[in-house]
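The C-terminal position of the sequence shown is numbered 215 in UniProt numbering, with every residue numbered one higher than the one before it. Yeah, the Cβ is synthetic: ideal placement off N, Cα and C, and Gly gets one too. A quick write-up on the structure given underneath.
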Amino acid sequence: MRTRYMGKKHVSVGSVSAVMLKDPKNFREVMRDPRAEKWKQDIREEIEALEQNGTWKVVKKLENAKLLHTKWVFKLKTHADGTIERYKARLVARGDEQEYGVDYTYTFSAVLDMESGKIILVVSRIWKVPARHGDVPSAYVKAKKEAELVIMLVIPTGMEFTEEQLRALGVKSKYELALLLEKGLYGLKQSGRLWNQLLHSILLSLGFRQCYSDS
C-alpha cells in the first residue's frame, strides 16, 4: 500500500525490524528472543547437518576425560534491502580451552600470496577467460581431524536425545555422553590448516599444480 507521503525509497517494516532486533549472543538469549522458534529450528538443522556429515560420534563420557565446551553463534542474514534472508545458527568449539600437544599441534594455514593472485588475473586476461572465486559452505567440517588426537566435546546446549536413544547408548541422561570428534569444527585452532590440507590434496588429484610463489 502506498500513500502520497511514501517515496520510491520506502523502507519496509520487515527491514526495519531486522535492523532493530539484535542477534542473540547465547542460547539463553535465544530462549527470550521473540524469534525463538526460528532460531531453535535452525539449531536443529545445524546439528542434523553436522551429524549427517559424520562430524562426531556420540559416546559414553570417559572418566577424567578432557572435554571441550561448545557455544552457539547466531547471525541474522539479510538481503540487500534489509529484509530477512535466513536465520543462521553455527556450533563452534571453544578453542580457548584447547591444550597444545593434547588436542592440537600445528595451527598454521596457507594464505594466497598476492603474486599468485596477480598471476591468475594476468593469465585470465591473456586467455580471455573469466577469473572467478568461489565459496565452500561449511568448509571446516569437511576435513578429517588428526588421527593421533582424541578430541571430545561436551554435549551442546539444544542437542536432545530420546529415551530410546539413551537406552541404546547405555545411559540414563545426556550428561553422561560426549561427542568424539571425527572431523574439524569451527572454533578449533587447527581447523583452518585441516581444511587447507584437504583442499590442497583435492586440487592436486585434479591435476592442478601449486604456484611456486605459494610453495
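Nearest-angstrom beta carbon gap, residue j and residue i [assumed within contact, 8 Å]
{"i": "Tyr100", "j": "Leu188", "result": "Tyr100 to Leu188, Cβ: 13 Å. No contact."}
{"i": "Ala143", "j": "Leu194", "result": "4 Å"}
{"i": "Leu76", "j": "Leu50", "result": "Not quite, the Cβ-Cβ distance comes to about 21 Å (not below 8 Å), so this is no contact."}
{"i": "Val60", "j": "Val141", "result": "Reading the sequence as shown, one finds Lys at residue 60 and not Val. Incorrect: roughly 23 Å between the Cβ atoms, too far for contact."}
{"i": "Leu185", "j": "Lys174", "result": "Leu185 to Lys174, Cβ: 19 Å. No contact."}
{"i": "Glu46", "j": "Ala89", "result": "5 Å"}
{"i": "Val58", "j": "Leu149", "result": "Going by Cβ atoms, the distance from Val58 to Leu149 rounds to 19 Å, so no, they are not a contact pair."}
{"i": "Asp214", "j": "Ser116", "result": "5 Å"}
{"i": "Asn53", "j": "Lys183", "result": "7 Å"}
Bridge-paired residues (DSSP) for residue i
{"i": "Lys128", "result": "Note: Lys128 sits in no beta bridge, so no partner."}
Rounded separation between residue i and residue j - CA only
{"i": "Gly14", "j": "Thr78", "result": "Caution is warranted here: a pLDDT of 49 is assigned to Gly14, below 50, making its placement in the model unreliable, and no coordinate value can be reported."}
{"i": "Ile43", "j": "Asn64", "result": "29 Å"}
{"i": "Leu181", "j": "Val122", "result": "42 Å"}
{"i": "Ala80", "j": "Leu21", "result": "17 Å"}
{"i": "Thr107", "j": "Lys71", "result": "21 Å"}
{"i": "Glu29", "j": "His69", "result": "18 Å"}
{"i": "Trp56", "j": "Leu198", "result": "18 Å"}
{"i": "Val129", "j": "Ile119", "result": "13 Å"}
{"i": "Gly158", "j": "Lys40", "result": "8 Å"}
{"i": "Met152", "j": "Leu67", "result": "5 Å"}
{"i": "Val73", "j": "Gly134", "result": "23 Å"}
{"i": "Ala93", "j": "Arg86", "result": "23 Å"}
{"i": "Val102", "j": "Ile155", "result": "20 Å"}
{"i": "Met114", "j": "Glu146", "result": "30 Å"}
{"i": "Leu179", "j": "Ala168", "result": "16 Å"}
{"i": "His200", "j": "Arg32", "result": "44 Å"}
{"i": "Pro24", "j": "Ile84", "result": "15 Å"}
Reduced DSSP secondary structure (H/G/I, E/B, other) of residue i
{"i": "Lys25", "result": "coil"}
{"i": "residue 270", "result": "Residue 270 lies beyond the stretch modelled for the chain, which goes from 1 to 215, so this question has no answer here."}
Every unbroken alpha helix (DSSP H) within the UniProt domain "Reverse transcriptase Ty1/copia-type" (53-211), with a cutoff of 4 residues, ordered by chain: 114-127, 163-168, 191-205
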